[in-house]
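Notes follow once the structure below has been shown.
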Ligand SMILES: [Zn+2]
Ligand SMILES: [Zn+2]
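Residue numbers (the working numbering), protein chains in the order written: chain A, 2 to 312; chain B, 2 to 312.
Written as structure tokens, this is what we have:
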């Protein structure tokens with residue numbers, strides 16, 4: 002799993018930084034990617050990544066400010082043009098449906114795939130056997146959600162060499178052993194699942210927060226995450242401005258990361274006032290509070306690490 | 002006056018070509034620019050031009066397909082962020098108001114300037130002392146307008162050297178002479194306006210058509226224009242496909258230019274199937290029908306010439 006920042010600029014694009022969107026490359030067996038937010042130009046940024054729009058599986062909107070939203074109609078349309086036929090799930094605050102359906106209707110855009118729009122509340126918004134996603138409300142000028150993506154633990158690998166030595170024929174017995182069942186062989190011997198199946202593989206937890214000032218829900222949602230994405234619209238000297246506009250400073254983001262005991266913090270959503278070289282300042286002052294901090298760089302893969310806690 | 006193509010791709014952006022928007026740099030004394038269409042990423046493209054968004058005066062939408070429309074909410078919002086305070090006039094087909102107002106309302110975008118949305122019909126949609134704009138309906142899958150921008154003739158320059166020789170004091174008399182009035186001097190001599198004012202300067206005519214198949218209105222609207230911008234979604238071998246989707250081929254665009262006796266034709270809105278080197282083919286086959294044809298290149302200024310007819 003990897004995160005790609007498709008945009009790291011707050012409010013509007015500037016040369017070299019686009020508005021917010023983050024792509025999450027899902028594990029290989031799933032073969033898809035998810036998007037968090039979809040500022041204008043997100044589909045353009047995807048052209049510089051390995052992602053194919055037809056493989057976009059889910060799209061989560063944190064809040065309905067334009068710099069997180071206005072790329073949505075275009076990406077839905079292009080996904081159809083590029084041959085996407087699988088259903089697409091779209092999650093976000095109430096209002097998302099009216100915005101999306103109005104844009105598609107007035108532009109007479111006909112998607113060739115089912116689009117499911119889920120206007121969410123706090124709580125679990127998605128769950129299947131492999132992943133769950135929980136949403137919580139943060140503290141911004143408008144309803145803004147954070148998303149906690151939890152990879153569920155996977156069953157350990159079968160020790161196929163040992164099974165061969167024991168003379169267990171491959172077939173249904175393998176599946177039963179893997180699912181935790183002990184198996185009695187034809188010759189009467191019992192093979193214990195626990196002897197031939199490795200330790201369960203802990204899942205990873207990645208938390209992406211929408212725009213927010215520091216708030217208890219941010220810490221709660223991010224608790225123990227392997228990776229936390231947090232906005233840092235301003236450097237710490239503009240803490241008053243951050244508070245006024247419902248944003249966080251780099252240091253406040255680091256405090257949340259520290260309090261939530263996450264493995265790694267990545268800062269994004271930088272005010273257009275900051276030049277590339279200024280971002281090192283935001284990063285440095287955050288590291289004084291939480292060392293494992295990086296200022297996001299666009300169009301670069303960030304591996305989702307497994308924190309020591311979850312291993 | 003110059004045209005800048007901010008996007009030349011039909012339907013969706015590809016690497017190196019954005020979706021449709023065209024900027025028209027107005028004469029220096031006006032100090033503004035106009036936009037025709039506003040596909041997603043138009044504001045991003047403007048970052049690579051000399052245009053400042055605060056100087057955007059008018060925005061004309063040809064039709065409501067997403068590749069001509071979805072950049073609109075973002076550009077309206079950024080114009081406010083970048084200090085635009087002057088009113089902005091927005092013209093386009095019915096539906097434009099609902100799309101725009103819904104996007105701004107749901108994203109809680111508060112523009113700091115007056116936005117006037119004009120849902121247009123055929124005919125003159127704008128006129129002041131210097132310019133008029135006429136709209137006509139073309140033939141596409143959805144209502145699609147062409148816009149004829151007419152620079153009104155300007156009064157010729159005052160011959161200030163001659164006036165000095167005649168001993169005419171600068172002041173109110175200059176204005177009266179320029180406006181066509183003859184002036185009697187204090188010593189009783191009469192100065193004739195026609196003797197001291199140069200020939201009127203003919204205005205230029207530029208016509209920008211929305212997506213269309215060949216149709217009589219296209220020829221009529223483009224009649225005698227100094228410059229015509231015409232879509233050429235397909236090369237001539239895909240004339241059937243063009244017809245099916247309500248588009249034109251390069252050769253059909255050239256036929257319209259020839260029939261309308263324009264000064265110059267610029268082709269745009271190329272299908273994403275065409276690579277940069279393919280565009281030379283579209284250009285070449287159009288030139289067989291109408292020599293003064295170019296395939297548009299993005300982010301390059303095209304001077305609006307005065308055709309021999311209008312000089
Ligand atoms: Zn934002
Ligand atoms: Zn089009």
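Note that the Cβ used here is the ideal one computed from N, Cα and C, for glycine as well.
Check	Outcome
What's the C-alpha gap between residue 170 of chain A and residue 176 of chain A?	12 angstroms
In three-state terms, what does DSSP make of residue 195 of chain B?	helix
Does the distance from the C-beta atom of residue 228 of chain A to that of residue 204 of chain A stay below 8 angstroms?	no
What residues of chain B sit near residue 298 of chain A, judged by a beta carbon separation below 7 angstroms?	Chain B residues near residue 298 of chain A: none, gap ~18 angstroms exceeds 7 angstroms.
Which bits of chain A does residue 143 of chain B rub up against, with CB to CB less than 7 angstroms?	109
Spell out whether any CB of chain A is found under 8 angstroms from the CB atom of residue 269 of chain B.	no
With DSSP run on the structure shown, which of helix, strand or coil describes residue 312 of chain B?	Confidence in residue 312 of chain B is poor, its pLDDT being 38 and thus under 50, which makes the residue's placement too unreliable to answer from.
Could you check whether the Cβ of residue 248 of chain A sits closer than 8 angstroms to any Cβ belonging to chain B?	no
Do the stretch 15-27 of chain B and the stretch 44-63 of chain B make contact, defined as three or more Cβ pairs closer than 8 angstroms?	yes
Applying the criterion that 16 or more other CB atoms from any shown protein chain within 10 Å of the CB defines a buried residue, is residue 192 of chain A buried or exposed?	buried
Any beta-carbon of chain A closer than 8 angstroms to the one on residue 74 of chain B?	yes
Report the neighbours of residue 317 of chain A on chain B: residues whose CB is nearer than 8 angstroms to its CB, in chain order.	Residue 317 of chain A lies beyond the residue range present for chain A, which begins at 2 and ends at 312; the question has no answer from this structure.
The beta strand (DSSP E) with residue 297 of chain B in it runs from where to where?	Segment: none, residue 297 of chain B is in no beta strand (DSSP E) and carries neither H nor E.
CB-CB under 7 angstroms to residue 312 of chain A, same chain, minus the five flanking residues each way: which ones, in chain order?	With a pLDDT of 38 at residue 312 of chain A, under the threshold of 50, the modelled position of that residue is not reliable, and the figure given next carries that caveat. Once the five neighbours on either side are set aside, the close Cβ partners of residue 312 of chain A are 203.
Name the residues in the stretch 41-65 of chain B whose C-beta lies less than 7 angstroms from a C-beta of chain A; which are they?	41, 42, 44, 45, 48, 65
Any heavy atom of ligand 2 closer than 7 angstroms to the beta-carbon of residue 81 of chain A?	no
Per DSSP, residue 202 of chain B forms a beta bridge with which residues?	B:155
Is residue 21 of chain B near ligand 2, in the sense that its beta carbon is under 7 angstroms from a heavy atom of that ligand?	yes
State the CB to CB distance for the pair residue 234 of chain A and residue 270 of chain A, rounded to an integer number of angstroms; the pair is presumed to be in contact (CB under 8 angstroms).	6 angstroms
Do you know offhand how far residue 180 of chain B's Cα is from residue 207 of chain B's?	27 angstroms
Could you check if residue 212 of chain A belongs to the surroundings of ligand 1, using beta carbon to heavy atom distance under 7 angstroms?	yes
Step through the CB atoms of chain A and report whether any lies within less than 8 angstroms of the CB of residue 103 of chain B.	yes
Between the Cα of residue 262 of chain A and those of A:222, A:301, A:2, spot the shortest distance and give me the residue it belongs to.	A:222
Going by C-alpha to C-alpha distance, which of B:167, B:148, B:93, B:200 sits closest to residue 187 of chain B?	B:167
On the DSSP bridge assignment, give the partners of residue 133 of chain A in chain order.	A:128, A:151
Can you find the residues in the same chain that come closer than 6 angstroms, C-beta to C-beta, to residue 37 of chain A, ignoring five residues on each side of it along the sequence?	23, 61, 209
Give me, in chain order, the residues of the same chain whose beta-carbon lies closer than 7 angstroms to that of residue 1 of chain B; leave out the 5 immediate sequence neighbours on both sides.	With chain B running from 2 to 312 in the structure shown, residue 1 of chain B is simply not present.
Does ligand 1 have even one heavy atom less than 7 angstroms from the beta-carbon of residue 279 of chain B?	no
Using a Cβ-Cβ cutoff of less than 7 angstroms, which residues in the same chain neighbour residue 88 of chain B once the five nearest sequence positions on both sides are dropped?	114, 115, 117
Do residue 128 of chain A and residue 97 of chain A come within 8 angstroms of each other at the CB atom, strictly closer than that value?	no
Going straight from the alpha carbon of residue 72 of chain A to that of residue 160 of chain B, what length do you get?	55 angstroms
Which first and last residues belong to the beta strand (DSSP E) in which residue 24 of chain A is found?	22-26
How close, in whole Å, do the beta carbons of residue 130 of chain B and residue 41 of chain A come, if the pair is a contact with beta carbons under 8 angstroms?	Actually they do not touch by this definition, with Cβ atoms about 36 angstroms apart.
Per DSSP, what kind of secondary structure is residue 237 of chain B in: helix, strand or coil?	helix
In angstroms with no decimal places, state the Cα-to-Cα distance between residue 95 of chain A and residue 139 of chain A.	15 angstroms
Under 6 angstroms Cβ to Cβ from residue 200 of chain B, same chain only, skipping five residues before and after it: list those, please.	157
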